[in-house]
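Below is one structure, written out as structure tokens; the observations come after it.
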Amino acid sequence: MTKDDATHVRAHGASTKRKRLGRPAGNINQRENILDAAEVDFSQRGYAGTSLKEVAASCGVTQALIT
Numbered sequence: 181m182t183k184d185d186a187t188h189v190r191a192h193g194a195s196t197k198r199k200r201l202g203r204p205a206g207n208i209n210q211r212e213n214i215l216d217a218a219e220v221d222f223s224q225r226g227y228a229g230t231s232l233k234e235v236a237a238s239c240g241v242t243q244a245l246i247t
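Those letters in the sequence shown? Residues 181 to 247, by the working numbering.
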């Protein structure tokens, strides 16, 4: 193996981690938590009386996450 080959392996080898595409592997249950919070808010204030801001506050996420 030449010096150039070693550089190529180091630069493009399997030991370097690549950023994974797609959604991060965060909280899998977050969707369920949001839906549960929305269900509670709808039952208390009705569909027309509930805002996304209120649902977001109920489950501890930002409004941008659920829009």
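Backbone N, C-alpha and C define an ideal beta-carbon position, used for all residues, glycine too.
These numbers were taken from a predicted model, which means no experiment stands behind them.
#### Entry: Simplified DSSP state of Arg198, which is helix, strand or coil
coil
### Delimiting residues of the alpha helix (DSSP H) encompassing Ile208
From DSSP, Ile208 is part of no alpha helix (DSSP H); its letter is neither H nor E.
### Task
Determine the contact status of Asp221 and Thr230, defining contact as a CB-CB distance below 8 Å.
yes
### Task
Look up Ala228 in the DSSP assignment and say whether it is helix, strand or coil.
coil
### Task
Report the three-state DSSP secondary structure of Val241 (helix, strand or coil).
coil
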